[in-house]
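For reference, the structure discussed in these notes is given below.
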Amino acid sequence: MDSSITLIENVPVAIDMAAAAKKLGIKPGQTKFEKTLERLAGIVLEKARPRAVARLCTIKSIDESNVDVEGVRITSPLLREKTEGLSRVFTFVSTEGLELAKWADHLESSLELVFTGILREFVCKGYQKLLEETICEKYGIPQVSCMNPGSLKVWPIEQQVELFKTLSPYSDQIGVTLLPSYLMYPAYSVSGIYFQTDTKYYNCQLCPREVCPNRKAPSTVI
Numbered sequence: 025m026d027s028s029i030t031l032i033e034n035v036p037v038a039i040d041m042a043a044a045a046k047k048l049g050i051k052p053g054q055t056k057f058e059k060t061l062e063r064l065a066g067i068v069l070e071k072a073r074p075r076a077v078a079r080l081c082t083i084k085s086i087d088e089s090n091v092d093v094e095g096v097r098i099t100s101p102l103l104r105e106k107t108e109g110l111s112r113v114f115t116f117v118s119t120e121g122l123e124l125a126k127w128a129d130h131l132e133s134s135l136e137l138v139f140t141g142i143l144r145e146f147v148c149k150g151y152q153k154l155l156e157e158t159i160c161e162k163y164g165i166p167q168v169s170c171m172n173p174g175s176l177k178v179w180p181i182e183q184q185v186e187l188f189k190t191l192s193p194y195s196d197q198i199g200v201t202l203l204p205s206y207l208m209y210p211a212y213s214v215s216g217i218y219f220q221t222d223t224k225y226y227n228c229q230l231c232p233r234e235v236c237p238n239r240k241a242p243s244t245v246i
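Under the numbering used here, the first residue of the sequence shown is numbered 25, with each subsequent residue one higher.
Below you can see the structure in the form of structure tokens.
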């Protein structure tokens, strides 16, 4: 495999059950919900074959709104700003895996769909975190931040097309398909760009949504 590629697969999956229960609003003593979550978590852990891939890419500014990432023109004034002075970034995609997604596609119970959705999210984000840690260790980087197309208006979801060009054919090899809607299948997949940074940046900082269960940092625009 190309030395610029970092691939994560076949690493045991772990789910923080206490965090999953909290996110679902399950309170101690709600035995029915606790048992349902435990049962579904067992199936998810059995079915899950998550994967994550990142590619080391060159980056250079074109103008105030555009950057060249490994020969692909990406439009985002914010990405251009955040990568000022950098010569490399890491495009990536992390996924729950086709095996888990195809099993979940056949669920009919609303309760199971909600519970399983949270568990699938933990699987995908767990692999994303592992990928981030692996990149930092592999390239001797103290810290990276991340931007994702579609998370903010300054980098619209249509830019997924350009991002996936930088990841071809590796996104296909880990089973991730970009749909005509610019969303991904499997549904619990995350794509974006990691870049080295002295000060940690989160998309949340520029999001005005006050109530968000996934918020990682206070908003600076509220």
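Ideal Cβ placement from N, Cα and C applies to all residues, glycine included.
Taking a C-beta distance under 8 Å as the contact criterion, E120 and V147 qualify as a contact pair. For K177, the secondary structure class from DSSP, reduced to helix, strand or coil, is coil. Each residue's CA atom was taken as its position, placing L48 and D129 some 20 Å apart.
Here P180 is near G174, since their CB atoms are less than 8 Å apart.
Annotation: the continuous alpha helix (DSSP H) that includes R144 extends over 134-163. If you ignore the 5 residues before and after L202, its C-beta comes within less than 8 Å of the C-beta of Q184, V185, F188, S195, M208, all in its own chain and listed in chain order.
Minimum Cα-Cα distance from S192 among the listed residues N90, C81, K162, A211 corresponds to C81. Nearest Cα to A45 within the set G141, E88, R79, S134: G141. Take K106, set aside five residues on each side of it, and the residues of its chain with a beta-carbon closer than 8 Å to its own are S169, M171, F219, T221, Y225, in chain order. A distance of 8 Å or more separates the beta carbons of F114 and A76. In terms of Cα proximity to G150, the closest of V178, V117, K126 is V117. Cβ-Cβ distances below 6 Å link D92 to K84, I86 in the same chain, with the five nearest sequence neighbours on each side left out; the list follows chain order. Cβ contact annotation for S213 (same chain, cutoff 8 Å, sequence separation greater than five): V117, S118, T119, E120, C148, V200, in chain order. The continuous beta strand (DSSP E) containing R75 extends over residues 75-85. With distances taken between CA atoms, P36 lies nearest to P74 out of E108, D26, P74.
Following the DSSP letters along the chain, one finds Q197 in no beta strand (DSSP E) but inside the alpha helix (DSSP H) bounded by residues 194-197. E33 has R75 as its beta-bridge partners, per DSSP.
As DSSP reads the structure, T119 sits in a beta bridge with R75, S213. Residue state for Q183 is assigned as helix, using DSSP reduced to three classes.
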